[in-house]
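Colleague:
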Amino acid sequence: MEKLRLLTNHQAIQFLGTLVIALIGGWIFNLIGSPIPWLLGSMTALLITSRFRSVRFLTWPSWIRDMGLIIVGYSIGLSFTQDSLIQMIVNLPSMLLLTLTIIIIAASMAFVVSRLSGVDYPTVLTGSIPGGLSQMITFAEEMKTIEITTVTFFQVTRMIMIVFFVPLLIFSPFFSMGEQVTSDTLLKDLTVIDFSAPLLVLFLILSFIFAKIGQKIKLPTSYLVGPIIGTAILNISGFGGPAVPSSLLDLSQLMIGGYIGLLLKPEKLQNKAKLITLALLNGFVLVGGTFILSFIFVHFNPFSTETAFLSLAPGGLEQMVIVAHEVHADLSTVTGYQLFRMFFICFAVPPILKWILLHNVRRKQNRILEKKA
Numbered sequence: 011m012e013k014l015r016l017l018t019n020h021q022a023i024q025f026l027g028t029l030v031i032a033l034i035g036g037w038i039f040n041l042i043g044s045p046i047p048w049l050l051g052s053m054t055a056l057l058i059t060s061r062f063r064s065v066r067f068l069t070w071p072s073w074i075r076d077m078g079l080i081i082v083g084y085s086i087g088l089s090f091t092q093d094s095l096i097q098m099i100v101n102l103p104s105m106l107l108l109t110l111t112i113i114i115i116a117a118s119m120a121f122v123v124s125r126l127s128g129v130d131y132p133t134v135l136t137g138s139i140p141g142g143l144s145q146m147i148t149f150a151e152e153m154k155t156i157e158i159t160t161v162t163f164f165q166v167t168r169m170i171m172i173v174f175f176v177p178l179l180i181f182s183p184f185f186s187m188g189e190q191v192t193s194d195t196l197l198k199d200l201t202v203i204d205f206s207a208p209l210l211v212l213f214l215i216l217s218f219i220f221a222k223i224g225q226k227i228k229l230p231t232s233y234l235v236g237p238i239i240g241t242a243i244l245n246i247s248g249f250g251g252p253a254v255p256s257s258l259l260d261l262s263q264l265m266i267g268g269y270i271g272l273l274l275k276p277e278k279l280q281n282k283a284k285l286i287t288l289a290l291l292n293g294f295v296l297v298g299g300t301f302i303l304s305f306i307f308v309h310f311n312p313f314s315t316e317t318a319f320l321s322l323a324p325g326g327l328e329q330m331v332i333v334a335h336e337v338h339a340d341l342s343t344v345t346g347y348q349l350f351r352m353f354f355i356c357f358a359v360p361p362i363l364k365w366i367l368l369h370n371v372r373r374k375q376n377r378i379l380e381k382k383a
């Protein structure tokens, strides 16, 4: 027994044991057809396993998560083409207005949820902002006073709702099912060089360098945003890298999901039933708000309803582009709007959240001083 304990204390053995559990979770979720199975599956498996007090060997180095973020950042950067850049410049005023409107809806709902649940506003706001699971969780981890388990819970709840409900809405009678067909040019713009292992390794090394530069200049979530910006610049300049194979994207999900699974502390969630209800309500209001905005958007722009809704939907870029392709929406417009919101949230929202957090801390300190006085 003592030998077994010594064996499991070895860091490499500990990680291998953790990796096996994460792989089993990803495989099960993939088997049942879950969205982003290797992220949600590995996260869920390690979350459940970590609840057993007898299991003490679980470990997931942060550098593995960072490598996963670099792969995701590189793949998103490849989506940024000359066409999507032109779309962003032309539609910049409406992009900014609609992005701000969506953030205001999210911030308003976060205020209501915070009051009803008793969870502090910065935590609920970070969980409500549609900035992508990886970005917001990484930001929450950087800001030590934000409760990361609650943030992850709200982000995952909304993400699952969007993955299931957005396609259902798109294929419902509310939409015209592709009245605007995507041109061959747009499809070509989103197509990059065929997979080549040596070239891909080179571009991933460059992405790592971009991440380190981003870290040096203090970019938010630098291991994600750095590769996005660097790859986008190369892609627009005509030096597009090879597409990331699905197996490598699955691996990046696993690398991120395993880390998040061990970060979560469900015991810190208070009033679980109330939080679940409020998280669902929060997601419904956000999806409903973008649904209404998409019809207003169509009224002032020559886009199909599918294109408008997918451009505004608070989901991940990859999922929305896949759905857009299926319903023949304008891929360039959807990519442009989604990328603009992602960059806006990556750069503009973190400083605002930090200010709100600082203001919240100061207000609490003033209350304590007033009570002592």
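The sequence shown begins at 11 in the working numbering and counts up one residue at a time. Yeah, the Cβ is synthetic: ideal placement off N, Cα and C, and Gly gets one too.
Is P355 buried or exposed, if buried means 16 or more other CB atoms sit within 10 Å of its CB?
Modeller: Looking at the sequence provided, one finds Ile at residue 355 rather than Pro. Counting Cβ neighbours within 10 Å, I355 comes out buried, since at least 16 surround it.
Colleague: Using the C-alpha atoms, what's the distance from I215 back to T287?
Modeller: In a straight line, the C-alpha of T287 is about 44 Å away from that of I215.
Colleague: Could you have a look at V202 and say whether DSSP puts it in helix, strand or coil?
Modeller: Reliability fails at V202, whose pLDDT of 45 lies under 50, so the model's placement of it is uncertain and the value that follows must be treated cautiously. Of the three classes helix, strand and coil, the one that applies to V202 here is coil, per DSSP.
Colleague: Any idea what DSSP makes of P71, helix, strand or coil?
Modeller: Three-state DSSP puts P71 in coil, outside helix and strand.
Colleague: What's the gap between the Cα of I239 and the Cα of F220?
Modeller: Going by the C-alpha atoms only, they are around 8 Å apart.
Colleague: Given a cut-off of 7 Å on the beta-carbon distance, is the pair Q97 and G346 in contact?
Modeller: Closer than 7 Å, so yes.
Colleague: How big is the Cα-Cα spacing for I227 and I246?
Modeller: Straight-line Cα distance between these residues: approximately 22 Å.
Colleague: Anyone know if the C-beta pair for G268 and L56 falls short of 7 Å?
Modeller: Yes, the Cβ-Cβ distance between G268 and L56 is below 7 Å.
Colleague: Considering only residues of the region 107-141, which uninterrupted alpha helix (DSSP H) runs meet the minimum length of 4 residues and lie entirely inside it, listed in chain order?
Modeller: Taking only runs of at least 4 residues, the alpha helix (DSSP H) segments lying wholly in the region 107-141 are 131-138.
Colleague: Evaluate contact between the region 72-88 and the region 254-265, counting only Cβ atoms and requiring at least three cross-stretch pairs below 8 Å.
Modeller: They touch, by the three-pair rule.
Colleague: Nearest to V359 by CA position, among I139, V235, Y84 and I302, is which residue?
Modeller: The shortest C-alpha separation from V359 is found at I139.
Colleague: Report yes if the C-beta distance between N292 and V161 is below 7 Å; otherwise report no.
Modeller: Contact: no.
Colleague: Sorted by chain position, which residues of the same chain lie with C-beta nearer than 8 Å to E151's C-beta, five sequence neighbours on each side aside?
Modeller: Here the set comprises I158 and L273.
Colleague: Are the beta-carbon atoms belonging to A116 and L367 less than 7 Å from one another?
Modeller: No.
Colleague: In angstroms, rounded to a whole number, what distance separates the CA positions of S52 and P312?
Modeller: Answer to the nearest angstrom: the Cα atoms are 42 Å apart.
Colleague: Is the beta carbon of M105 sitting closer than 7 Å to the one on F305?
Modeller: Not closer than 7 Å, so no.
Colleague: In this structure, does DSSP put G346 in helix, strand or coil?
Modeller: Of the three classes helix, strand and coil, the one that applies to G346 here is helix, per DSSP.
Colleague: For W365, count neighbouring Cβ atoms within 10 angstroms of its own Cβ and tell me buried if that reaches 16, exposed if not.
Modeller: The residue in question, W365, is exposed, as its Cβ has fewer than 16 Cβ neighbours within 10 Å.
Colleague: Between the alpha carbons of T133 and I114, how many angstroms are there, rounded?
Modeller: When rounded, the distance between both Cα atoms is 16 Å.
Colleague: With a CB to CB cut of under 7 Å and the five nearest residues on each side skipped, what residues in its chain are close to P237?
Modeller: Answer for P237: I80, G83, Y84, G87, S217, F220 and A221, listed in chain order.
Colleague: Report yes if the CB atom of T317 is closer than 7 Å to the CB atom of T300, and no otherwise.
Modeller: Not in contact: T317 and T300 (Cβ atoms no closer than 7 Å).
Colleague: Kindly indicate which three-state DSSP category D93 falls into: helix, strand or coil?
Modeller: Three-state result, D93: helix.
Colleague: May I ask you to report which of helix, strand or coil DSSP gives L229?
Modeller: Note: L229 maps to coil in three-state DSSP.
Colleague: What's the C-alpha gap between D340 and L290?
Modeller: Looking at the two C-alpha atoms, the distance is approximately 30 Å.
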